[in-house]
Amino acid sequence: MKKICTLLTLLCLLFSAIPACALESAPECMGTVTDLALVIGDNAGKDLDTLCRRYQDATGGKLYLVTRHFIGGRDVQEYADTLFDLWALKENDVLLLMVIGEESYSLSLGKKAAAALPGEARATLFAAHFHDAFMRREYDKAAGDMCMAALSRIASHQDEKLNVSGLFGSAVSQSPLHVYEQELTSLFSSFFEEEEPEREQPSVLREDKSTGISIWKILLIFFILRAVFRKRKRKKRRILF
37 MKKICTLLTL LCLLFSAIPA CALESAPECM GTVTDLALVI GDNAGKDLDT
87 LCRRYQDATG GKLYLVTRHF IGGRDVQEYA DTLFDLWALK ENDVLLLMVI
137 GEESYSLSLG KKAAAALPGE ARATLFAAHF HDAFMRREYD KAAGDMCMAA
187 LSRIASHQDE KLNVSGLFGS AVSQSPLHVY EQELTSLFSS FFEEEEPERE
237 QPSVLREDKS TGISIWKILL IFFILRAVFR KRKRKKRRIL F
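Heads up: the sequence shown begins at 37 in this note's numbering, then just goes up one per residue.
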(Lines of atoms letter the chains of each structure in order from A and count residues from 1; the text may use other names and numbers.)
(Lines give C-alpha, C1' and ligand atoms only; values in the text may rest on other atoms or scores of the structure.)
Protein backbone atom coordinates (compact mmCIF):
# COMPACT_ATOMS: atom_id res chain seq x y z
CA MET A 1 0.00 0.00 0.00
CA LYS A 2 2.84 2.35 0.85
CA LYS A 3 4.46 1.60 -2.51
CA ILE A 4 1.25 2.48 -4.32
CA CYS A 5 0.94 5.76 -2.42
CA THR A 6 4.56 6.58 -3.17
CA LEU A 7 4.06 5.83 -6.86
CA LEU A 8 0.94 7.99 -7.05
CA THR A 9 2.78 10.82 -5.32
CA LEU A 10 5.62 10.62 -7.83
CA LEU A 11 3.16 10.60 -10.74
CA CYS A 12 1.41 13.67 -9.36
CA LEU A 13 4.72 15.48 -9.01
CA LEU A 14 5.67 14.48 -12.55
CA PHE A 15 2.43 15.71 -14.12
CA SER A 16 2.54 18.92 -12.10
CA ALA A 17 6.05 19.58 -13.42
CA ILE A 18 5.02 19.24 -17.09
CA PRO A 19 3.10 22.56 -17.27
CA ALA A 20 5.98 24.30 -15.51
CA CYS A 21 8.46 23.02 -18.13
CA ALA A 22 6.11 24.02 -20.92
CA LEU A 23 5.72 27.46 -19.35
CA GLU A 24 9.50 27.94 -19.31
CA SER A 25 9.79 27.20 -23.05
CA ALA A 26 6.69 29.15 -24.06
CA PRO A 27 7.13 32.63 -25.57
CA GLU A 28 6.07 35.63 -23.57
CA CYS A 29 2.87 37.31 -24.75
CA MET A 30 3.69 40.69 -26.31
CA GLY A 31 0.12 41.82 -26.86
CA THR A 32 -1.91 41.32 -30.01
CA VAL A 33 1.16 40.41 -32.09
CA THR A 34 4.00 38.24 -30.78
CA ASP A 35 6.13 38.26 -33.91
CA LEU A 36 9.13 36.12 -32.98
CA ALA A 37 9.81 35.27 -36.65
CA LEU A 38 9.85 38.96 -37.68
CA VAL A 39 7.55 38.48 -40.66
CA ILE A 40 4.76 40.96 -39.86
CA GLY A 41 5.09 44.51 -41.17
CA ASP A 42 4.47 47.62 -39.08
CA ASN A 43 1.24 48.60 -40.82
CA ALA A 44 -0.13 45.07 -40.57
CA GLY A 45 0.71 45.05 -36.86
CA LYS A 46 -1.22 48.29 -36.36
CA ASP A 47 -4.19 46.92 -38.29
CA LEU A 48 -4.17 43.77 -36.15
CA ASP A 49 -4.24 45.93 -33.02
CA THR A 50 -7.19 47.88 -34.43
CA LEU A 51 -8.99 44.67 -35.39
CA CYS A 52 -8.44 43.29 -31.89
CA ARG A 53 -9.96 46.41 -30.29
CA ARG A 54 -12.99 46.27 -32.56
CA TYR A 55 -13.44 42.56 -31.87
CA GLN A 56 -13.18 43.21 -28.14
CA ASP A 57 -15.79 45.97 -28.36
CA ALA A 58 -18.16 43.64 -30.23
CA THR A 59 -17.69 40.36 -28.35
CA GLY A 60 -15.44 40.94 -25.36
CA GLY A 61 -12.79 38.62 -26.80
CA LYS A 62 -9.26 39.35 -27.93
CA LEU A 63 -7.04 38.41 -30.85
CA TYR A 64 -3.53 37.02 -30.54
CA LEU A 65 -1.14 36.34 -33.42
CA VAL A 66 2.04 34.35 -32.77
CA THR A 67 4.77 33.73 -35.34
CA ARG A 68 7.70 31.38 -34.81
CA HIS A 69 10.38 29.97 -37.09
CA PHE A 70 10.26 26.46 -35.59
CA ILE A 71 8.53 24.60 -32.78
CA GLY A 72 10.77 21.54 -32.82
CA GLY A 73 8.50 19.39 -34.97
CA ARG A 74 5.72 19.35 -32.37
CA ASP A 75 2.10 19.11 -33.42
CA VAL A 76 1.09 22.64 -34.38
CA GLN A 77 -2.47 22.39 -33.04
CA GLU A 78 -1.29 20.94 -29.74
CA TYR A 79 1.31 23.68 -29.43
CA ALA A 80 -1.28 26.41 -30.11
CA ASP A 81 -3.74 24.93 -27.61
CA THR A 82 -1.01 24.62 -24.96
CA LEU A 83 0.02 28.23 -25.53
CA PHE A 84 -3.63 29.27 -25.27
CA ASP A 85 -3.86 27.60 -21.85
CA LEU A 86 -0.49 28.88 -20.60
CA TRP A 87 -1.44 32.44 -21.45
CA ALA A 88 -4.78 31.89 -19.66
CA LEU A 89 -6.80 33.17 -22.60
CA LYS A 90 -10.57 33.42 -22.27
CA GLU A 91 -13.62 31.81 -23.85
CA ASN A 92 -13.99 34.31 -26.70
CA ASP A 93 -10.29 34.77 -27.42
CA VAL A 94 -8.63 33.72 -30.68
CA LEU A 95 -4.99 32.68 -31.16
CA LEU A 96 -3.51 32.27 -34.65
CA LEU A 97 -0.15 30.48 -34.76
CA MET A 98 2.12 30.72 -37.82
CA VAL A 99 5.24 28.49 -37.90
CA ILE A 100 7.28 29.86 -40.79
CA GLY A 101 10.16 27.38 -41.01
CA GLU A 102 7.89 24.34 -40.80
CA GLU A 103 5.20 25.86 -43.08
CA SER A 104 2.45 25.00 -40.62
CA TYR A 105 -0.26 26.97 -38.87
CA SER A 106 -3.16 26.56 -36.50
CA LEU A 107 -6.04 28.36 -34.85
CA SER A 108 -6.81 27.92 -31.15
CA LEU A 109 -10.11 29.21 -29.79
CA GLY A 110 -11.87 29.63 -26.48
CA LYS A 111 -15.01 27.57 -25.87
CA LYS A 112 -17.45 30.30 -26.88
CA ALA A 113 -15.53 31.25 -30.02
CA ALA A 114 -15.07 27.59 -30.99
CA ALA A 115 -18.84 27.16 -31.22
CA ALA A 116 -18.81 29.39 -34.30
CA LEU A 117 -15.82 27.66 -35.88
CA PRO A 118 -15.78 23.87 -35.58
CA GLY A 119 -12.95 21.91 -37.20
CA GLU A 120 -14.35 21.82 -40.75
CA ALA A 121 -15.16 25.52 -40.71
CA ARG A 122 -11.60 26.35 -39.66
CA ALA A 123 -10.17 24.23 -42.47
CA THR A 124 -12.44 26.01 -44.96
CA LEU A 125 -11.33 29.43 -43.72
CA PHE A 126 -7.66 28.47 -43.93
CA ALA A 127 -8.12 27.21 -47.49
CA ALA A 128 -10.03 30.29 -48.63
CA HIS A 129 -8.27 33.11 -46.77
CA PHE A 130 -4.85 31.95 -45.62
CA HIS A 131 -3.04 29.01 -47.22
CA ASP A 132 -2.10 30.41 -50.64
CA ALA A 133 -0.81 33.73 -49.31
CA PHE A 134 1.09 31.94 -46.53
CA MET A 135 2.85 29.64 -48.99
CA ARG A 136 3.74 32.67 -51.15
CA ARG A 137 5.31 34.22 -48.02
CA GLU A 138 2.79 37.05 -48.03
CA TYR A 139 2.47 36.84 -44.28
CA ASP A 140 0.78 40.22 -43.75
CA LYS A 141 -1.97 39.30 -46.19
CA ALA A 142 -2.36 35.77 -44.83
CA ALA A 143 -2.67 36.92 -41.23
CA GLY A 144 -4.93 39.86 -42.05
CA ASP A 145 -7.36 37.95 -44.27
CA MET A 146 -7.59 34.99 -41.89
CA CYS A 147 -8.10 37.09 -38.77
CA MET A 148 -10.78 39.24 -40.40
CA ALA A 149 -12.62 36.17 -41.71
CA ALA A 150 -12.43 34.22 -38.44
CA LEU A 151 -13.39 37.11 -36.15
CA SER A 152 -16.22 38.19 -38.46
CA ARG A 153 -17.62 34.64 -38.40
CA ILE A 154 -17.44 34.48 -34.60
CA ALA A 155 -19.05 37.90 -34.16
CA SER A 156 -21.82 37.02 -36.61
CA HIS A 157 -22.49 33.75 -34.78
CA GLN A 158 -23.01 35.78 -31.61
CA ASP A 159 -25.34 38.23 -33.38
CA GLU A 160 -22.71 40.94 -33.42
CA LYS A 161 -21.26 42.86 -36.35
CA LEU A 162 -17.52 43.36 -36.65
CA ASN A 163 -16.29 46.43 -38.50
CA VAL A 164 -13.29 45.52 -40.68
CA SER A 165 -13.35 48.55 -42.98
CA GLY A 166 -10.09 50.33 -43.68
CA LEU A 167 -7.91 47.43 -42.53
CA PHE A 168 -5.13 45.64 -44.41
CA GLY A 169 -5.26 47.83 -47.51
CA SER A 170 -2.87 47.73 -50.42
CA ALA A 171 -0.40 50.11 -48.76
CA VAL A 172 0.83 47.58 -46.23
CA SER A 173 4.50 47.98 -45.37
CA GLN A 174 6.83 45.11 -46.07
CA SER A 175 8.00 42.95 -43.23
CA PRO A 176 11.67 43.04 -42.18
CA LEU A 177 12.14 39.55 -43.63
CA HIS A 178 10.81 40.61 -47.03
CA VAL A 179 13.08 43.66 -47.12
CA TYR A 180 16.07 41.49 -46.24
CA GLU A 181 15.20 38.96 -48.97
CA GLN A 182 14.87 41.72 -51.56
CA GLU A 183 18.27 43.15 -50.59
CA LEU A 184 19.89 39.73 -50.99
CA THR A 185 18.18 39.20 -54.35
CA SER A 186 19.39 42.57 -55.58
CA LEU A 187 22.93 41.83 -54.38
CA PHE A 188 23.16 38.46 -56.14
CA SER A 189 21.50 39.69 -59.33
CA SER A 190 24.15 42.41 -59.64
CA PHE A 191 26.81 39.69 -59.92
CA PHE A 192 25.00 37.54 -62.46
CA GLU A 193 23.00 40.00 -64.54
CA GLU A 194 23.58 39.77 -68.29
CA GLU A 195 24.88 42.60 -70.39
CA GLU A 196 22.22 44.69 -72.03
CA PRO A 197 21.83 44.05 -75.78
CA GLU A 198 23.16 46.74 -78.07
CA ARG A 199 20.56 49.40 -78.60
CA GLU A 200 19.11 49.81 -82.04
CA GLN A 201 20.91 52.55 -83.90
CA PRO A 202 19.18 55.34 -85.81
CA SER A 203 18.07 54.64 -89.35
CA VAL A 204 20.70 57.00 -90.81
CA LEU A 205 23.53 54.97 -89.31
CA ARG A 206 21.90 51.70 -90.38
CA GLU A 207 21.73 52.95 -93.98
CA ASP A 208 25.34 54.08 -93.78
CA LYS A 209 26.43 50.60 -92.69
CA SER A 210 24.31 48.86 -95.30
CA THR A 211 25.74 50.94 -98.16
CA GLY A 212 29.30 50.68 -96.91
CA ILE A 213 29.76 54.50 -96.96
CA SER A 214 31.53 56.18 -94.07
CA ILE A 215 33.32 59.46 -93.41
CA TRP A 216 36.71 57.80 -93.74
CA LYS A 217 35.80 56.34 -97.14
CA ILE A 218 34.62 59.72 -98.37
CA LEU A 219 37.89 61.33 -97.28
CA LEU A 220 39.89 58.56 -98.94
CA ILE A 221 38.02 59.02 -102.25
CA PHE A 222 38.54 62.77 -101.99
CA PHE A 223 42.31 62.45 -101.63
CA ILE A 224 42.53 59.92 -104.49
CA LEU A 225 40.58 62.19 -106.85
CA ARG A 226 42.68 65.14 -105.77
CA ALA A 227 45.88 63.23 -106.56
CA VAL A 228 44.53 62.17 -109.96
CA PHE A 229 43.60 65.73 -110.93
CA ARG A 230 47.03 66.97 -109.86
CA LYS A 231 48.72 64.44 -112.15
CA ARG A 232 46.53 65.52 -115.07
CA LYS A 233 47.40 69.15 -114.50
CA ARG A 234 51.10 68.33 -114.47
CA LYS A 235 50.77 66.43 -117.79
CA LYS A 236 48.98 69.37 -119.41
CA ARG A 237 51.71 71.73 -118.29
CA ARG A 238 54.40 69.46 -119.81
CA ILE A 239 52.52 69.36 -123.13
CA LEU A 240 52.25 73.15 -123.23
CA PHE A 241 55.92 73.59 -122.64
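In this text, a Cβ means the ideal position worked out from N, Cα and C, and glycines have one as well.
Distance, Cα to Cα, residue i vs residue j?
i	j	result
residue 129	residue 93	13 Å
residue 318	residue 118	Since the first residue shown for the chain is 37 and the last is 277, residue 318 is missing from the structure and cannot be characterised.
residue 138	residue 167	14 Å
residue 216	residue 202	Because residue 216 carries a pLDDT of 49, less than 50, the predicted location of this residue cannot be relied on, and the following value inherits that uncertainty. Whole-angstrom Cα-Cα distance: 28 Å.
residue 63	residue 197	32 Å
residue 97	residue 91	6 Å
residue 157	residue 148	15 Å
residue 261	residue 255	10 Å
residue 170	residue 114	20 Å
residue 74	residue 184	21 Å
residue 263	residue 251	19 Å
residue 140	residue 159	13 Å
residue 133	residue 192	23 Å
residue 180	residue 121	24 Å
residue 154	residue 190	11 Å
residue 66	residue 81	12 Å
residue 199	residue 124	26 Å
residue 101	residue 178	11 Å
residue 142	residue 111	10 Å
residue 205	residue 107	31 Å
residue 146	residue 99	11 Å
residue 88	residue 68	7 Å
residue 135	residue 172	14 Å
residue 86	residue 163	24 Å
Taking the DSSP output, what are the residues bridged to residue i?
i	result
residue 71	103
residue 264	The partner list for residue 264 (beta bridge, DSSP) is empty, contrary to what the question assumes.
residue 255	Paired residues: none, contrary to the question.
residue 122	According to DSSP, residue 122 bridges with nothing at all.
residue 112	For residue 112, which the question treats as bridged, DSSP gives no partner whatsoever.
residue 84	Its beta-bridge partners do not exist; DSSP assigns none.
Mind reading off the beta-carbon distance from residue i to residue j? Whole number of angstroms is fine, and I expect it under 8 Å.
i	j	result
residue 161	residue 144	Incorrect: roughly 14 Å between the Cβ atoms, too far for contact.
residue 71	residue 95	That belief does not hold up - the Cβ atoms of residue 71 and residue 95 are roughly 24 Å apart, past 8 Å.
Please classify residue i as buried or exposed, where buried requires at least 16 neighbouring CB atoms within 10 angstroms.
i	result
residue 188	buried
residue 116	buried
residue 105	exposed
residue 109	exposed
residue 265	exposed
residue 259	exposed
residue 195	exposed
residue 83	buried
residue 77	buried
residue 182	buried
residue 176	buried
residue 152	buried
residue 257	exposed
residue 186	buried
To test your reading of the DSSP string, which unbroken alpha helix (DSSP H) runs of 4 or more residues are found completely within the stretch 133-212?
147-150, 155-165, 167-171, 175-193
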